[in-house]
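First the structure, in the form of structure tokens, and then the observations on it.
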Amino acid sequence: MNGKMNKSKVPTRQYPAIYEKLIPVAIGFIVVVILTLLVITFGVALGVWANSV
Amino acid sequence: MFNSIVPLLSGIVSFVFAFFVLKRYMERKGTYLLIWGIGTIFYGIGGLSEAYYGAIGWNPLVFRLWYLFGAILVAAWLGQGTVYLLAKRKWANILLVILILGSIYGAFKVFTAQLDPTLMAASTHTGSELSGRAITSPGVRVLTPFFNMYGTLTLVGGAAYSAFIFWRKRVLLHRTIGNILIAVGATLPAFGGFFSRLQFPGALYIGEFLGILLLFAGFLRSTTPMKTESVESVPAAAD
Chain A
1 MNGKMNKSKV
11 PTRQYPAIYE
21 KLIPVAIGFI
31 VVVILTLLVI
41 TFGVALGVWA
51 NSV
Chain B
1001 MFNSIVPLLS
1011 GIVSFVFAFF
1021 VLKRYMERKG
1031 TYLLIWGIGT
1041 IFYGIGGLSE
1051 AYYGAIGWNP
1061 LVFRLWYLFG
1071 AILVAAWLGQ
1081 GTVYLLAKRK
1091 WANILLVILI
1101 LGSIYGAFKV
1111 FTAQLDPTLM
1121 AASTHTGSEL
1131 SGRAITSPGV
1141 RVLTPFFNMY
1151 GTLTLVGGAA
1161 YSAFIFWRKR
1171 VLLHRTIGNI
1181 LIAVGATLPA
1191 FGGFFSRLQF
1201 PGALYIGEFL
1211 GILLLFAGFL
1221 RSTTPMKTES
1231 VESVPAAAD
């Protein structure tokens, strides 16, 4: 008797290949931009960098 | 010419965008759509004010409208729409009340401020674009970074967070892409302002125009499912 059991595998979802590559890079870039903007805006609010809008 | 055409285009795109957002609000309701619609109208007022200045010249009322709607309020109100999308209703309502009170205060400060348009040219700024330097009264320009910080966190941060959540689950690709476009678009006016201070002529208006284009594109992408959202891959069974 064959004792082997075929495990049923749960299908995983993936985006099309190009998006799998681009999206994490884009999100990471946006996070860096957010942090930079917050630092600059905070500095302007404190008067470290004068003459904002 | 450039300093009137580009912001005019920004204004037109903003109002077209606002039409689509408010139309969707009328169809589907959703407070976030109403708030976004208001925010895009603010964006349009800012653009048209800049176009007026570029085409006709200084006008104190137009300047005040530009500064209030274009410089202070727009990012925060767009971000508030995202807050309604992501946060619990109770907190969104509380933050909206604070934003409304802050906006009323900001409007009071802007419309009672003393102005000197000659100061716009006497700076590291290009001088051909509107600038908050024309405001000489204290306690006005200091409001801008607080509203902008709130807008950055909520609009840009909220869009990036939404994109991350959809990506992590590998669902709704159109919303992942749409939110990335929105997040990038929302940062472009800030980049435009930055390069403007480095003496790149017209950078602010270009940043604003590209920003509203990406925001609009992101909205359209988010609300239009794609044919290929995701593919399922079944790992090979072990023998």
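For the record, the sequence lines run as chains A and B.
For the first sequence, position 15 matches number 15 in our numbering, and the numbering has no gaps at all.
Take any residue in the second sequence, count from 1 to its spot, add 1000: that is its number in our numbering.
Glycine included, each C-beta is placed from N, C-alpha and C at the ideal position.
The structure presented is a predicted model; accordingly, all values stated were derived computationally and were not measured.
Could you tell me the boundaries of the alpha helix (DSSP H) in which residue i lies?
i, result
"Gln-1080 (chain B)", "1074-1086"
"Thr-1176 (chain B)", "1173-1197"
"Arg-1168 (chain B)", "1157-1169"
"Val-25 (chain A)", "17-46"
"Arg-1064 (chain B)", "1060-1065"
"Glu-1027 (chain B)", "1002-1028"
"Arg-1133 (chain B)", "Note, Arg-1133 (chain B): premise wrong, no alpha helix (DSSP H); not H, not E."
"Leu-1115 (chain B)", "Careful: Leu-1115 (chain B) lies outside any alpha helix (DSSP H) and carries neither H nor E."
"Gly-1202 (chain B)", "Where Gly-1202 (chain B) is concerned, there is no enclosing alpha helix (DSSP H), given that its DSSP letter is neither H nor E."
"Gly-1055 (chain B)", "Reading off the sequence, residue 1055 (chain B) comes out as Ala, not Gly. Segment 1031-1055, the alpha helix (DSSP H) holding Ala-1055 (chain B)."
"Gly-1151 (chain B)", "1143-1151"
Using only alpha-carbon positions, find the residue among the options that is nearest to residue i.
i, options, result
"Leu-1173 (chain B)", "B:Pro-1189, B:Thr-1223, B:Arg-1141 and B:Gly-1057", "B:Thr-1223"
"Leu-1181 (chain B)", "B:Leu-1198, B:Phe-1219 and B:Ala-1190", "B:Phe-1219"
"Ala-45 (chain A)", "B:Ala-1203, B:Asn-1148, B:Ala-1183 and B:Lys-1227", "B:Asn-1148"
"Val-32 (chain A)", "B:Val-1156, B:Phe-1194, B:Pro-1189 and B:Trp-1167", "B:Val-1156"
"Gly-1070 (chain B)", "B:Val-1021, B:Pro-1145, B:Arg-1089 and B:Ala-1121", "B:Pro-1145"
"Leu-35 (chain A)", "B:Pro-1201, B:Leu-1095 and B:Ala-1190", "B:Ala-1190"
"Tyr-1150 (chain B)", "B:Leu-1096, B:Met-1226 and B:Arg-1221", "B:Leu-1096"
"Met-1120 (chain B)", "B:Pro-1225, B:Ile-1212, B:Arg-1024 and B:Ser-1196", "B:Ser-1196"
"Glu-20 (chain A)", "B:Arg-1089, B:Gly-1102, B:Ala-1217 and B:Trp-1167", "B:Trp-1167"
"Gly-47 (chain A)", "B:Asn-1093, B:Thr-1118 and B:Arg-1141", "B:Arg-1141"
"Ile-1212 (chain B)", "B:Arg-1024, B:Gly-1037, B:Gly-1102 and B:Glu-1027", "B:Gly-1037"
"Val-25 (chain A)", "B:Asn-1093, B:Ala-1160, B:Gln-1199 and B:Arg-1089", "B:Ala-1160"
One question on the structure: do residue i and residue j come within less than 8 Å of each other, judged by their Cβ atoms?
i, j, result
"Glu-966 (chain B)", "Ser-1004 (chain B)", "Within the shown structure, residues of chain B are numbered from 1001 to 1239, placing residue 966 (chain B) beyond reach of any answer."
"Gln-14 (chain A)", "Arg-1064 (chain B)", "no"
"Tyr-1205 (chain B)", "Val-1006 (chain B)", "yes"
"Leu-1153 (chain B)", "Gly-1079 (chain B)", "yes"
"Ala-1183 (chain B)", "Ile-23 (chain A)", "no"
"Leu-1068 (chain B)", "Leu-1008 (chain B)", "no"
"Gly-1081 (chain B)", "Gly-1139 (chain B)", "no"
"Ala-1186 (chain B)", "Leu-1215 (chain B)", "yes"
"Trp-1077 (chain B)", "Ile-1035 (chain B)", "yes"
"Ala-1018 (chain B)", "Gly-1046 (chain B)", "no"
"Pro-1060 (chain B)", "Leu-1115 (chain B)", "yes"
"Phe-1042 (chain B)", "Val-1021 (chain B)", "no"
"Ile-1135 (chain B)", "Gly-1106 (chain B)", "no"
"Ile-27 (chain A)", "Phe-1164 (chain B)", "yes"
"Arg-1002 (chain B)", "Gly-1193 (chain B)", "Rather than Arg, the amino acid found at residue 1002 (chain B) in this sequence is Phe. Against a cut-off of 8 Å, the Cβ pair of Gly-1193 (chain B) and Phe-1002 (chain B) comes out as no contact."
List, in chain order, every chain A residue whose beta-carbon is nearer than 8 Å to that of residue i.
i, result
"Arg-1170 (chain B)", "Thr-12, Arg-13, Gln-14 and Tyr-15"
"Ile-1180 (chain B)", "Ile-23, Ala-26, Ile-27 and Ile-30"
"Trp-1167 (chain B)", "Tyr-15, Ile-23, Pro-24 and Ile-27"
"Val-1006 (chain B)", "Under the 8 Å cutoff, chain A gives no residues; its nearest Cβ is about 17 Å from Val-1006 (chain B)."
"Thr-1118 (chain B)", "Neighbours of Thr-1118 (chain B) on chain A: none; closest Cβ ~15 Å, over 8 Å."
How would you write the range of the beta strand (DSSP E) that residue i sits in, first residue to last?
i, result
"Thr-12 (chain A)", "12-14"
List, in chain order, every chain A residue whose beta-carbon is nearer than 9 Å to that of residue i.
i, result
"Trp-1058 (chain B)", "Simply none; closest approach about 17 Å."
"Met-1149 (chain B)", "Leu-37, Leu-38, Thr-41, Phe-42 and Ala-45"
"Val-1156 (chain B)", "Ile-30, Val-33, Ile-34 and Leu-37"
"Thr-1082 (chain B)", "Simply none; closest approach about 13 Å."
"Tyr-1184 (chain B)", "It is worth fixing the name first, because residue 1184 (chain B) is Val in this sequence and not Tyr. The answer, in chain order, is Ala-26, Phe-29, Ile-30 and Val-33."
Show which residues of chain B have a CB atom less than 7 Å away from the CB atom of residue i.
i, result
"Val-44 (chain A)", "Pro-1145"
"Val-33 (chain A)", "Thr-1187"
Run through chain A and tell me which residues come within less than 7 Å of residue i, C-beta to C-beta.
i, result
"Phe-1164 (chain B)", "Ile-27"
"Leu-1173 (chain B)", "Tyr-15 and Tyr-19"
"Ala-1190 (chain B)", "Leu-37"
"Ala-1160 (chain B)", "Ile-27, Ile-30, Val-31 and Ile-34"
"Val-1110 (chain B)", "Going along chain A, no residue has its Cβ under 7 Å from Val-1110 (chain B), so there is no contact; the nearest lies around 12 Å."
"Thr-1224 (chain B)", "Going along chain A, no residue has its Cβ under 7 Å from Thr-1224 (chain B), so there is no contact; the nearest lies around 16 Å."
I'd like to know whether the C-beta of residue i is nearer than 8 Å to at least one C-beta of chain C.
i, result
"Glu-1050 (chain B)", "Note that chain C does not occur in the displayed structure, where the protein chains are A and B."
Query raised in the report: Quick one: any contact between the segment 1128-1143 of chain B and the segment 1082-1093 of chain B, if contact means 3 or more CB pairs under 8 Å?
Result: no
Query raised in the report: Any chance the segment 1158-1176 of chain B sits against the segment 1106-1124 of chain B, with 3 or more Cβ pairs inside 8 Å?
Result: no
Report task. Flag this pair as touching only if the segment 35-44 of chain A and the segment 1013-1031 of chain B have three or more C-beta atom pairs under 8 Å; answer yes or no. Result -> no
Query raised in the report: Are at least three pairs of beta-carbons, each pair with one atom in the segment 1045-1055 of chain B and one in the segment 1023-1035 of chain B, less than 8 Å apart?
Result: no
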